[in-house]
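A.B. asks: If you read the sequence shown in our numbering, its first letter stands for residue 672, the second for the next number, and so on.
Backbone N, C-alpha and C fix where the C-beta goes; we use that ideal spot for every residue, glycine too.
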Amino acid sequence: MSWFKENKFLGGLLVVTVLLAAIIISFGMKAGTSLEEVQQQVAAKKATLKKDKSLNPYPNPENAKAKEASLKKVLAKGKEAREKLLAFVPEKTENISGKDFATKLTDTVSRVTELFPGEKAIPSGFYLGFKKYRGSQPKAEATGVLNYQLDAMEYLLTQASEAGVKQIENLVRESLPQEDGYGWPGTKNAKRQSRGGGRAKRPAPGAVRPPKFEKLPTIAHRMPVEFTFKAPEPVLREFLKRMGNSDEYFFETRIARVLNPASIPSAGKGASSEKESGDGGGGAFGAIEIEGEETAEEEPVESVKVLDKVSGGEELTVYLRADLLLFIEEENLPELK
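1. Only counting the same chain, and skipping five residues up and downstream in sequence, which positions put a Cβ closer than 7 Å to that of V836?
2. Using 8 Å for Cβ pairs, my map puts P794 next to G769. What's the rounded Cβ distance?
3. Could you pull out every residue in the same chain whose Cβ sits closer than 6 Å to the Cβ of P728, ignoring the five residues on either side in sequence?
4. Going by other Cβ atoms of all chains shown within 10 Å of its Cβ, with 16 needed for buried, is E947 buried or exposed?
5. Please report the straight-line C-alpha distance between F772 and L930, rounded to a whole angstrom.
6. State the Cα-Cα distance for the pair D851 and E812, rounded to the nearest angstrom.
7. Could you work out which residue in A758, L685 and T774 is closest to A891 when comparing CA atoms only?
8. Indicate the three-state DSSP secondary structure (helix, strand or coil) for F900 in the structure shown.
9. Restricting to Cα atoms, I'd like to know which of V709, G789, Q849 and P932 is closest to M894.
10. Does any CB atom of chain C fall closer than 9 Å to the CB of K743?
11. Measuring CA to CA, which of V689, L827 and T777 is closest to Y798?
12. Sorted by chain position, which residues of the same chain lie with C-beta nearer than 6 Å to L817's C-beta, five sequence neighbours on each side aside?
13. Less than 9 Å between the beta carbons of V989 and A927, yes or no?
14. Do G815 and V843 come within 9 Å of each other at the CB atom, strictly closer than that value?
15. Candidates R908, L997 and E919: which alpha carbon is nearest L991's?
16. Quick check: the stretch 827 to 836 against the stretch 777 to 791, are there 3 or more CB pairs under 8 Å?
17. Check for me: the beta strand (DSSP E) holding A927 runs from which residue to which?
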């Protein structure tokens, strides 16, 4: 302390020098940090630019205009397809009284039953999949969509009859949410789905994580139907053609299984018998022919059966699971100005 008292000027100069050095060091450290940040930003910009240059097309004004024009064409095609699908939307699906629906159901079942007059042409108790409403009425809020589905079922069976189907094995209609007092999936009144299995398991270390996709909008409500019948292949083709070309109802076939219960006879038996009779039936002397006698030609029964099986003449058992789609009008495509 005595030195500072005796050398005030030098002491003050020393203190000022130390403070200035501390300030300079502080500014230098901050400048170094800022330089590192700038270098990182420059590196990120370079990486982004390199990625952009690798894009096809390269994002310049000319390519941006071409991309926008192409996107407009895609949206126009999408709107065109949307209008075609919305043509299947019924004019109205207003609810009717339960009594009116029950009466219409009885009349429709009678008309469809008359389309298949053969013995065992339809299963006993056949009721177009609406057996639960035999002697009872649906909920009032479900009659509108059930009425639409009933018309579709009649259309489906009518097309099957006109295509040549003679025997119906089964027709199962999956219950709709409205029949239990709920709304369509994805709406406010939809039935809550139980979370089975708890939380999803985390992937093991190093395992490839599955990509995440955004949930696509619902464009239609599904009404599943299972239909089993017997028909030869040409009739099946005609029926599927009629389903696909319908202008009234849109059926999406989810599963199709075709069973041919009859197997094609193998040539093993014929070959063995041919081998056994290779000597003509006369032992070591060969065949003995008698003049004036002609062997009667056998009727080609087996060949006709084989030809039927190859050409599609056999009765096939066909199982179809299809969804009757009720398209939604609320979903709109984005617009480009």
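C.D. replies: In short, the structure shows the following:
1. F900, A902, V906 and F910
2. Incorrect: roughly 26 Å between the Cβ atoms, too far for contact.
3. N734
4. For E947, the pLDDT reaches just 46, beneath the cut-off of 50, and the residue's location in the model is therefore unreliable, leaving the point undetermined.
5. 37 Å
6. If I take the Cα positions, the gap works out to 10 Å.
7. A758
8. strand
9. Q849
10. Among the protein chains of the structure shown there is no chain C, as only one such chain exists.
11. Out of V689, L827 and T777, T777 has the C-alpha closest to the C-alpha of Y798.
12. P809
13. Result yes, Cβ atoms of V989 and A927 sit closer than 9 Å.
14. G815 sits away from V843, with the two beta carbons spaced by 9 Å or more.
15. R908
16. yes
17. F922 to L930
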